[in-house]
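Trainee: This is the structure, below, for whatever I ask next.
Dropping the structure here:
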């Protein structure tokens, strides 16, 4: 059994970065995720593992520091909340284009604009459909507990290198701020420079006489070569859909009605399922753990079994579009959710089940 | 005397450094970029640090600098080169790291990154090429365009009442405690090239000391953007750019007090 601690979600993410052997963290404070950089600055991993931690002058600078670090073969992490993630999107697009590994945490708050500082899930489109410019996707993980804020760092690390692609952990103000018991995984040492050069022969660590120079760029002025490059990226995203979809099913085996949710909404929906079952309503929940690649195939299978699906999310309807695309009109699909930083209650969700799904 | 009798190592007075690739430069004839590329690569060759040097290319005319320099390089988003360099130098502290940026990249869109990297005293080198215009996008006004100077977005000359003043960012960063060596050079004459190359060598040597950021501005020409031929452009630069951007050292390391 690993070390047990009571931690905030943001702190669990920070501690997990140190333990996972992440090479560098570059960030900028914004509510509700500033605990990440505060924790790292207090933990001083640069004195133990050599992990670089730096508070940059802006979100823009911090994501571009990540670009530099990743281009040199290192695994960087960064974190922010919605308005700050928008600022990082240019850099994220460049990193996807240059095929660089990265872990990004988005502790989502209400928007648009400066919005508020309460939890929301209104950045789903931005996270799953690219977010920045160009044809690209992020691998998107949605934790629904403080435990997963830690565990998903390890998945993110594996995926970031497997595909040479940025990975986003799409959390929200609930998961980031609440405290829960966490079982921490044992520390993994950071790679030595020799190991970095072996794992990432493409990295800019200094041109050795026995190899060509390494170039990290997202630019190719020849449209035919650029098309080839974009199609190569597309193949990676297709492979993610084949090999790395993650989801969890709760009471779906006999379900007549299905909830689809992720993150803190999925936690709320778990309670709704319990409440429904007490009333004899056969309700189940599919919790999407990866939002891209989306578990659409499994939802389509379940659509053959249920009378209707309710997508529950803290937005006016973003996840629901992917659910609708997945089931292709085979069953009715509805949306329910509070937004702007308001969190729906389990009974509000149950009322929506009765009023929309069972009508 | 046969040509073979002349081609001997002892008669060699000049050669192209092998650290420049065979790729033809994408710069306009008469532009200073090629010379600046060459002296940087010559210094890297002379110091035998090709395997320890990482460069960052900007957005602008020198966006493809990595095609001409035979070293490991990264290409940054517009204005963000010093953010990349910050991370690389901190993760690989024994390497030499430099950025190569133009005036739009460094002194307009990247002003925050420039000032904060300088102010933190990051231990890399910034090569700043100031030609007072946006060359690559076709001659628009730059943050360093002189008052009265014409560009496609100030076709009647820069009116400082409307368009603001040119930014002397080199003097500005020299004020910051994190800069160690700040100098302004040019490459329009053989003598200027020799001085500029000495400054480049100084920057790489100072870089070993880890005492802060080295910043070299090259006041350069843009004959295409300025709508002149190369000779006219150099003359115009001497008569107009140099009075506003005077050449010479702005901040030189002081000898340690004994």
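Chains as they are written, first to last, in the numbering used here: chain F, 1 to 359; chain X, 360 to 617.
Beta carbons are placed, not taken as given, at the ideal position from N, Cα and C, and that holds for glycine.
These numbers were taken from a predicted model, which means no experiment stands behind them.
Mapping the DSSP letters down to three states, classify residue 256 of chain F as helix, strand or coil.
Mentor: As a first step, residue 256 of chain F must be located in the first chain, where it is residue number 256. Coil, per DSSP.
Trainee: Out of F/72, F/329 and F/308, point me to the one whose CA is closest to residue 258 of chain F's CA.
Mentor: One-based indexing of the first chain puts residue 258 of chain F at position 258. The shortest C-alpha separation from residue 258 of chain F is found at F/308.
Trainee: Taking 8 Å as the cut-off, is the CB of residue 566 of chain X close to at least one heavy atom of the ligand FMN?
Mentor: Because no ligand of any kind appears in the structure shown, any question about the ligand FMN cannot be addressed here.
Trainee: Can you have a look at residue 457 of chain X and say buried or exposed, based on whether 16 or more other CB atoms are within 10 angstroms of its CB?
Mentor: Mapped onto the second chain, residue 457 of chain X falls at position 98. With 16 or more other Cβ atoms within 10 Å, it is buried.
Trainee: Using a beta-carbon distance cut-off of less than 8 Å, what residues from the stretch 205-219 of chain F approach chain X?
Mentor: So the close ones are 205, 206, 207, 208, 209, 213, 214, 215, 216, 217, 218 and 219.
Trainee: How about the stretch 369-376 of chain X and the stretch 306-320 of chain F: do they share at least three Cβ pairs that are nearer than 8 Å?
Mentor: Segments in contact, no.
Trainee: Taking the continuous beta strand (DSSP E) assigned at residue 335 of chain F, which residues delimit it?
Mentor: Within the first chain, the letter at position 335 stands for residue 335 of chain F. Run containing residue 335 of chain F: 333-336, per the beta strand (DSSP E) assignment.
Trainee: With residue 572 of chain X as the anchor, note down where its alpha helix (DSSP H) starts and where it stops.
Mentor: Along the second chain, read from residue 1 onward, the residue named residue 572 of chain X stands at position 213. Segment 572-578 is the beta strand (DSSP E) holding residue 572 of chain X; no alpha helix (DSSP H) there.
Trainee: Express the C-alpha separation of residue 101 of chain F and residue 164 of chain F in angstroms, rounding to a whole number.
Mentor: By one-based count along the first chain, residue 164 of chain F stands at place 164. By one-based count along the first chain, residue 101 of chain F stands at place 101. One C-alpha to the other measures close to 5 Å.
Trainee: Residues of chain X with a CB under 8 Å from the CB of residue 52 of chain F: which are they?
Mentor: For the purposes of this step, residue 52 of chain F is taken as the residue at position 52 of the first chain. Per Cβ cutoff of 8 Å: 446, 449 and 450.
Trainee: Verify the CB distance criterion: does residue 405 of chain X have a CB-CB separation below 9 Å to chain F?
Mentor: On the second chain, residue 405 of chain X is found 46 positions in, with the first residue counted as 1. Judged by the 9 Å Cβ criterion, residue 405 of chain X is not in contact with chain F.
Trainee: Would residue 482 of chain X and residue 571 of chain X qualify as a contact pair, given that the criterion is a beta-carbon distance under 9 Å?
Mentor: Looking up residue 482 of chain X in the second chain gives position 123. Looking up residue 571 of chain X in the second chain gives position 212. Result yes, Cβ atoms of residue 482 of chain X and residue 571 of chain X sit closer than 9 Å.
Trainee: Can you tell me whether residue 313 of chain F is helix, strand or coil according to DSSP?
Mentor: The residue you call residue 313 of chain F lines up with position 313 of the first chain. Coil.
Trainee: List in chain order: all unbroken beta strand (DSSP E) runs of 3+ residues lying wholly within the stretch 399-464 of chain X.
Mentor: For the stretch 399-464 of chain X, whole beta strand (DSSP E) runs of length 3 or above, ordered along the chain, are 412-416, 431-434 and 455-461.
Trainee: Please give the ranges of any alpha helix (DSSP H) in the stretch 162-248 of chain F, keeping only runs that are unbroken, at least 4 residues long and fully inside the region.
Mentor: The qualifying runs are 173-177, 193-199 and 223-243.
Trainee: Under the assumption that residue 492 of chain X contacts residue 207 of chain F (Cβ atoms under 8 Å), give the Cβ distance between them as a whole number of angstroms.
Mentor: Here residue 492 of chain X refers to the residue found at position 133 of the second chain. Here residue 207 of chain F refers to the residue found at position 207 of the first chain. Actually they do not touch by this definition, with Cβ atoms about 33 Å apart.
Trainee: Which of the three DSSP states is assigned to residue 346 of chain X in this structure?
Mentor: Here chain X comprises residues numbered 360 to 617, so residue 346 of chain X is not present and cannot be evaluated.
Trainee: Figure out for me which residue from F/112, F/98 and F/68 has the closest Cα to the Cα of residue 86 of chain F.
Mentor: Taking the first chain and counting its residues from 1, the one referred to as residue 86 of chain F is at position 86. That would be F/112, whose Cα lies nearest to the Cα of residue 86 of chain F.
Trainee: Taking residue 263 of chain F as the reference, which of F/140, F/69 and F/78 has the closest Cα?
Mentor: For the purposes of this step, residue 263 of chain F is taken as the residue at position 263 of the first chain. The candidate whose alpha carbon is nearest that of residue 263 of chain F is F/140.
Trainee: Could you say which of X/536, X/417 and X/551 lies nearest to residue 480 of chain X if we only look at CA atoms?
Mentor: Counting from 1 along the second chain, the entry for residue 480 of chain X is found at position 121. Nearest C-alpha to residue 480 of chain X: X/536.
Trainee: Cβ closer than 9 Å: which chain X residues qualify as neighbours of residue 26 of chain F?
Mentor: In the first chain, the residue the question calls residue 26 of chain F occupies position 26. Result: 442, 445 and 446.
Trainee: Taking C-beta to C-beta, are residue 560 of chain X and residue 404 of chain X nearer than 9 Å?
Mentor: Taking the first residue of the second chain as position 1, residue 560 of chain X is located at position 201. Taking the first residue of the second chain as position 1, residue 404 of chain X is located at position 45. Cβ distance not < 9 Å, so residue 560 of chain X and residue 404 of chain X don't count as in contact.
Trainee: What ranges does the alpha helix (DSSP H) occupy inside the stretch 66-136 of chain F, keeping only unbroken runs of at least 4 residues that lie completely in it?
Mentor: Those alpha helix (DSSP H) runs which fall completely within the stretch 66-136 of chain F and span 4+ residues are 82-97 and 124-128.
Trainee: Note down the Cα distance separating residue 219 of chain F from residue 437 of chain X, rounded to an integer number of angstroms.
Mentor: As a working note, residue 219 of chain F is residue 219 in the first chain. As a working note, residue 437 of chain X is residue 78 in the second chain. When rounded, the distance between both Cα atoms is 12 Å.
Trainee: For residue 132 of chain F, which residues of its own chain have a beta-carbon under 7 Å away from its beta-carbon, when the five flanking residues on both sides are left out?
Mentor: Looking up residue 132 of chain F in the first chain gives position 132. Cβ within range, chain order: 89, 90, 92 and 93.
Trainee: Let me know the secondary structure DSSP gives residue 513 of chain X once reduced to three states.
Mentor: Along the second chain, read from residue 1 onward, the residue named residue 513 of chain X stands at position 154. If DSSP states are grouped into helix, strand and coil, residue 513 of chain X belongs with the strands.
Trainee: Identify, in the order they occur along the chain, each residue of the same chain with its Cβ nearer than 7 Å to the Cβ of residue 323 of chain F, setting aside the five sequence neighbours on each side.
Mentor: Mapped onto the first chain, residue 323 of chain F falls at position 323. Same-chain partners within the cutoff: 260, 299, 309, 311 and 333.
Trainee: To which residues of the same chain is residue 183 of chain F closer than 6 Å at the C-beta, ignoring the five residues directly before and after it?
Mentor: Taking the first residue of the first chain as 1, we reach residue 183 of chain F at position 183. Hits under 6 Å: 2 and 4.
Trainee: Between which residues of its own chain and residue 11 of chain F is the CB-CB distance below 7 Å, once the five residues before and five after are set aside?
Mentor: For the purposes of this step, residue 11 of chain F is identified with residue 11 of the first chain, where counting begins at 1. The residues are 35 and 39.
Trainee: Using a threshold of 9 Å, state whether the C-beta atoms of residue 265 of chain F and residue 335 of chain F are closer than that.
Mentor: Taking the first chain and counting its residues from 1, the one referred to as residue 265 of chain F is at position 265. Taking the first chain and counting its residues from 1, the one referred to as residue 335 of chain F is at position 335. Going by C-beta atoms, residue 265 of chain F is not nearer than 9 Å to residue 335 of chain F.
Trainee: Thinking C-alpha only, which one of F/223, F/228 and F/168 is nearest residue 123 of chain F?
Mentor: Stepping through the first chain from its first residue, residue 123 of chain F is reached at position 123. It is F/168.
Trainee: Per DSSP, residue 250 of chain F forms a beta bridge with which residues?
Mentor: Reading the first chain from its first residue, position 250 is the one you call residue 250 of chain F. According to DSSP, residue 250 of chain F bridges with F/285.
Trainee: Would you say residue 23 of chain F lies against chain X (beta-carbon separation less than 9 Å)?
Mentor: The residue you call residue 23 of chain F lines up with position 23 of the first chain. Cβ-Cβ to chain X under 9 Å: yes for residue 23 of chain F.
Trainee: State buried or exposed for residue 489 of chain X, treating a residue as buried only when at least 16 other CB atoms are found within 10 Å of its CB.
Mentor: Position 130 of the second chain, counting from 1, holds the residue named residue 489 of chain X. Label assigned to residue 489 of chain X: buried.
Trainee: Who does residue 290 of chain F pair with in a DSSP beta bridge?
Mentor: Position 290 of the first chain, counted from the first residue, corresponds to residue 290 of chain F. Answer is F/141, bridged to residue 290 of chain F.
Trainee: Give every residue of the same chain whose Cβ lies closer than 7 Å to the Cβ of residue 130 of chain F, excluding the five residues on either side of it in the sequence, and list them in chain order.
Mentor: Here residue 130 of chain F corresponds to residue number 130 of the first chain, with the count starting at 1. Correct list, in chain order: 136 and 137.
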